[in-house]
Ligand SMILES: [Zn+2]
């Protein structure tokens, strides 16, 4: 999936933790340095370690702009109030859920390492880094690279370790490991607004459910179809299925080619094809799963919203993001994921249930005739 930026600070810390030797340290000096570091942490943000809260049952009703019609701009309908009151911090390329959860996770990680006892491996390593007279940043970076290289080489000729992840637990992200036929959701993404035990089921299905569906779908998209159940690179589809898939994918890509993400920057449908398809199928799979969970019963109405309305609102709010034009232009040029706004609108307008949930009329801006909606699986 790789929906977020890499989080350089977190990666650097993790690499350092993995590579640096434990050093003896002067406890008094370390305590002072730790206190200073913690002061810095509380001064640079709100310092809270609590998960984000979206309303009382998982959707931030005040973030909507209900003057916008859902079919004209569902991103603004779901997030317009929040757009109006949100400024992008000077040190960030965008503001939104991904940065908020990323920043929260960095604070959580910091507490884990600063709170670990000095006698533990993590605590000892962290405190040794805080000893400025002994720390050797340049040397650690070199040792880190040497360690990673040796670690990768040590896998040669060994059986595949299917439990090994290519992401850290603190990464707000998820992926499909095609060669191992697995999907991975690190701890950091299993937090609100993606997932919370306390919220309405429709919200969890619309948010983390669509992410899980997205990752499953990568096993069946333009790349996954070339890897079989054992992780061997082998196209396992019939020629007729592949032909039908390519035709549908082409029409879907043509929709994305019309989306101007920033002035003069249109989405490149070829670059983003696999991710766009995973977004669409992931949403559909999550919707089906939500209805299966209802087991034929009618979902309750909450705050005047039906279960389906809450499902689609949660989906859109989990993707809310306000980015600078330059950041969007860079993303469109280089990232296989479409900008957040189009990860909301792009899939939704192909889903019949979304039209029904919000009574989207034929004259709405993003209306598609039923026969023009992409249906692949
Ligand atoms: Zn993906």
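Numbering (our numbering), first residue to last: 27 to 403.
Glycine included, every Cβ here is placed at the ideal spot set by N, Cα and C.
Note that the structure is a prediction, hence the values are computed from the model and not measured.
The C-beta separation of residue 308 from residue 204 comes to about 16 Å, leaving the pair out of contact by the 8 Å criterion. If you ignore the 5 residues before and after residue 299, its C-beta comes within less than 7 Å of the C-beta of 248, 275, 279, all in its own chain and listed in chain order. Here residue 395 is exposed, its C-beta having fewer than 16 other C-beta atoms within 10 Å. Here residue 133 has 75 as same chain residues with Cβ atoms under 6 Å from its own Cβ, once five neighbours each way along the sequence are excluded. Cβ-Cβ separation between residue 114 and residue 350: approximately 6 Å, consistent with a contact (criterion under 8 Å). Annotation: residue 390 to residue 104 spans about 16 Å, alpha carbon to alpha carbon.
Shown here for residue 106: same chain residues with a beta carbon closer than 6 Å to its own, the five before and five after excluded, namely 91, 94 in chain order. Under the 10 Å beta carbon count, residue 184 is surrounded by fewer than 16 other beta carbons and is classified as exposed. Residue 208 holds the alpha-carbon nearest to the alpha-carbon of residue 187 among 208, 233, 223, 236.
Across the set 385, 377, 383, 384, the C-alpha of 377 shows the shortest separation from the C-alpha of residue 397.
DSSP places residue 202 in the strand class (E or B) of the three-state scheme.
Under DSSP, residue 73 takes part in no beta bridge, so it has no partner.
The residues 200, in chain order, have a CB closer than 6 Å to that of residue 211 in the same chain once the five nearest residues on each side in sequence are set aside. Taken from the Cβ of residue 324, every heavy atom of ligand 1 lies 7 Å or farther away. With respect to residue 228, residue 333 sits close: the two C-beta atoms are nearer than 8 Å.
In the three-state DSSP reduction, residue 122 falls in the strand class (E or B). Secondary structure note for residue 383: its alpha helix (DSSP H) is the uninterrupted segment 378-383.
Contact check for residue 354 and residue 288: beta-carbon distance about 4 Å, within the 8 Å limit, so the pair qualifies.
A distance criterion of 7 Å places the beta-carbon of residue 312 beyond contact range of ligand 1, judged by its closest non-hydrogen atom. Taking the Cβ atoms as the reference, residue 231 lies roughly 6 Å from residue 337, within the contact range of under 8 Å. If one requires a minimum length of 4 residues, the alpha helix (DSSP H) runs lying completely within the region 312-371 are 333-344, 351-360, in chain order. Taking a C-beta distance under 8 Å as the contact criterion, residue 305 and residue 373 qualify as a contact pair. Closer than 7 Å to some heavy atom of ligand 1: that does not describe the Cβ of residue 288. Proximity of the beta carbon of residue 206 to ligand 1 is not indicated: no heavy atom of the ligand is located closer than 7 Å.
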